[in-house]
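Presented below is the structure to which this report refers.
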Amino acid sequence: MSATSPLPAEAAKPVQVDGLVKRYGEVVAVDGVSLALAPGECLGLLGPNGAGKSTLIRSIVGRVVPDAGTVSILGEPAGSPAARLALGWVPQDLALYPRLTCRENLDAFGRYQGLRGAALRAAVDRCLDWAALAERGGDRVASLSGGMKRRLNMAAGIIHSPRVILLDEPTVGVDPQSRNRIFEMIEALGAEGISVLYTTHYMEEAERLCDRIAVVDHGRVIAEGARDRLVRDAFGTRSEVLVRFEDPDGPAAAWARERGGRLDGGVAHFEVEHAADIGGLLEGAARAGHEVADVSLHKPNLESVFLHLTGRELRE
Ligand code: ADP
């Protein structure tokens with residue numbers, strides 16, 4: 031018997047962006063971006079200010095009409111009622127009622143989303159818990175710290191239990207404690223199979239939170255993959271070793287140059303193929319009689335990847 035059943039149609043991706051272009055006059059804010067988000071995945075959009083991250087997010091929400099390309103959310107076109115229902119969007123700016131309490135705010139946002147009665151009450155409780163604001167439910171927004179407001183704003187964006195959540199730089203201007211809390215909130219979403227698209231210009235956030243990272247610059251995705259893969263593609267196993275000699279202006283400088291080192295402010299920068307090569311380098315310096323005052327190993331990170339790909343710092 032050789033009955034072969036047809037392959038099942040591939041399930042629609044939580045987010046699918048194909049060939050997206052958006053221009054503002056002369057400015058090409060998004061310049062041919064294609065990307066897809068898998069269920070339960072946190073995809074980071076990492077790029078400097080002005081790279082086009084917000085425009086991309088706003089196109090996914092359906093707030094920006096692209097000049098070319100398509101965007102679908104779970105197979106539904108961006109901006110359609112089904113796509114809106116599936117999406118939770120947390121923009122950078124706070125959109126809360128300062129005179130209302132936390133609970134009243136979430137209640138209002140839940141009503142906008144069509145929730146009523148027991149379902150609404152359960153959603154409000156769930157979101158207060160998620161944002162670690164259960165004990166502040168009766169407090170007015172005006173009395174909250176900046177970080178708490180930000181968390182409440184996030185809670186308002188997910189009151190309708192969306193399958194896909196878009197977060198636009200949620201930690202900008204937030205104190206370190208709230209920032210950690212926000213990270214935990216995002217990690218909890220992944221554990222529930224919710225997909226997250228996270229824009230940031232903070233490399234550490236992308237490294238900590240995101241399963242996959244799309245590096246964005248001038249409206250294009252210039253590299254995409256898991257963090258370690260991006261670093262490996264750019265640098266292989268190479269690392270940088272920084273050596274400060276006791277007498278940086280003496281013969282040690284010439285020795286460092288001969289060994290392929292680059293001197294910068296009295297510190298010699300060497301590239302080593304493997305971190306373990308640091309031993310040989312230091313032995314060589316000792317044999318040549320150059321005393322080392324300080325040594326450090328710098329493994330490349332996403333910041334280095336960005337510098338490598340663009341010749342610029344991420345935070346310029
Ligand atoms: P990012 O979120 O990465 O900081 P944006 O998407 O906000 O980048 O901006 C990308 C580019 O598009 C920038 O040059 C910005 O000035 C421009 N831009 C964004 N929105 C508009 C708009 N509504 N009108 C004109 N230019 C815009």
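Numbering-wise (the working numbering), the sequence shown opens with residue 31 and increments by one. Just so you know, even glycine gets a beta-carbon here, dropped at the ideal spot from N, CA and C. In this text, all values refer to a predicted model and were calculated from it rather than measured experimentally.
Determine the burial state of His-328: buried for a count of at least 16 other Cβ atoms within 10 Å of its Cβ, exposed for fewer.
-> exposed
Could you check where the beta strand (DSSP E) with His-299 kicks off and where it finishes?
-> 297–302
So Gln-46 is in the alpha helix (DSSP H); what residue range does that whole segment cover?
-> Unbroken run through Gln-46 is the beta strand (DSSP E), 45–54; no alpha helix (DSSP H).
Quick one: is Glu-276 buried, meaning 16 or more other Cβ sit within 10 Å of its Cβ, or exposed?
-> exposed
Taking the Cβ atom as the reference point for each residue, do Met-233 and Ala-161 lie within a distance shorter than 8 angstroms?
-> no
Contacting residues, own chain, Cβ-Cβ under 8 angstroms from His-190 (five flanking each side not counted) | Leu-115, Gly-118, Gly-140, Gln-143, Gly-144, Leu-145 and Ala-153
Check: Ala-59 C-beta below 7 angstroms from any heavy atom of the ligand ADP | yes
Let me know the secondary structure DSSP gives Leu-145 once reduced to three states.
-> coil
State buried or exposed for Glu-71, treating a residue as buried only when at least 16 other CB atoms are found within 10 Å of its CB.
-> buried
Secondary structure, alpha helix (DSSP H): runs of 4+ residues fully inside the segment 116–186 | 132–142 and 147–160
CB-CB under 7 angstroms to Glu-333, same chain, minus the five flanking residues each way: which ones, in chain order?
-> Met-233 and Leu-344
Look at His-299 and Arg-289 and say whether their C-beta atoms are less than 8 angstroms apart.
-> no
Do Met-184 and Pro-200 have their CB atoms nearer than 8 angstroms?
-> yes
Which residues bound the alpha helix (DSSP H) around Gly-314?
-> 308–317
Between the Cα of Leu-124 and the Cα atoms of Asn-79, Ser-269, Arg-180 and Val-91, which residue gives the shortest distance?
-> Arg-180
Locate the alpha helix (DSSP H) running through Val-335, then write down its first and last residues.
-> 332–340
So, are the CB atoms of Gly-249 and Asp-97 less than 8 angstroms apart?
-> no
Nearest-angstrom Cα distance between Leu-150 and Val-261?
-> 45 angstroms
CA nearest to the CA of Val-63, picked from Pro-128, Val-45, Gly-341 and Arg-129 | Val-45
Where Gly-309 and Ala-113 are concerned, what is the direct C-alpha to C-alpha distance, given to the nearest angstrom?
-> 56 angstroms
Arg-345 bridges to which residues according to DSSP?
-> According to DSSP, which records beta bridges pairwise, Arg-345 is partnered with nothing at all.
State the Cα-Cα distance for the pair Pro-69 and Lys-43, rounded to the nearest angstrom.
-> 7 angstroms
Contacts around Pro-121, its chain only, beta-carbon distance under 6 angstroms, and the 5 residues preceding and following it disregarded = Asp-198
When the Cα atoms are used, what is the spatial distance from His-338 to Asp-155?
-> 46 angstroms
Could you tell me whether any non-hydrogen atom of the ligand ADP is closer than 7 angstroms to the CB of Tyr-54?
-> yes
C-alpha distance - Glu-217 paired with Leu-182, whole-angstrom precision = 17 angstroms
Using a threshold of 8 angstroms, state whether the C-beta atoms of Ala-315 and Leu-73 are closer than that.
-> no
When you compare only the Cα positions, how much space is there between Leu-130 and Leu-219?
-> 26 angstroms
Whole-Å CB distance - Val-273 paired with Val-204, under 8 angstroms assumed | Not really, about 38 angstroms apart at Cβ, beyond 8 angstroms.
Cβ neighbour criterion (16 or more within 10 Å) applied to Glu-9 | Since the displayed the chain opens at 31 and closes at 346, residue 9 lies outside it and no answer follows.
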